[in-house]
Ligand SMILES: [Zn+2]
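Numbering (the working numbering), first residue to last: 40 to 134.
(1) Would you mind working out which of 44, 79 and 93 sits nearest residue 66, comparing C-alpha positions?
(2) Taking the alpha-carbon positions, what's the residue 122 to residue 85 distance?
(3) Tell me the DSSP bridge mates of residue 90?
(4) Taking the alpha-carbon of residue 54 as reference, which of 120, 132, 43 and 99 has the nearest alpha-carbon?
(5) Kindly give me the distance between the Cβ atoms of residue 44 and residue 109, rounded to whole angstroms, as I take these residues to be in contact under 8 Å.
(6) With distances taken between CB atoms, is the gap from residue 95 to residue 76 smaller than 8 Å?
(7) Going by Cα to Cα distance, which pick from 71, 105 and 113 is closest to residue 57?
(8) What does DSSP give as the partner residues of residue 137 in its beta bridges?
(9) So, at 8 Å on beta carbons, what are the nonlocal neighbours of residue 103 in its own chain, with the 5 sequence-adjacent residues on each side left out?
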């Protein structure tokens with residue numbers, strides 16, 4: 040098993056979150072989409088501006104995952120696939 044990372048099975052709930060800057064690109068994000076009413080501290084998310092993984096901290100602000108956490112993230116095939124889709128979306132939107 041992959042370190043207990045839960046992957047949403049659908050993305051039909053968008054929750055408003057405290058505004059927080061992406062640790063990679065600095066874009067301020069204030070919402071997340073998944074299958075739960077709200078993300079939990081320690082949940083991964085994928086920035087839709089730079090497609091890099093980030094982690095929610097105890098206040099649901101975005102933090103940069105450690106190298107080990109990034110490895111955990113990419114070890115989950117569904118997450119790696121979602122990241123690839125997000126990266127393609129980012130590329131397609133870059134003029
Ligand atoms: Zn970003």
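All C-beta atoms, glycine included, are put in the ideal place defined by N, C-alpha and C.
In short, the structure shows the following:
(1) 93
(2) 7 Å
(3) For residue 90, which the question treats as bridged, DSSP gives no partner whatsoever.
(4) 99
(5) Contact doesn't hold; Cβ gap of about 12 Å is too wide.
(6) no
(7) 71
(8) Past the edges of the chain, shown from 40 to 134, lies residue 137, and the structure says nothing about it.
(9) 62, 63, 93 and 94
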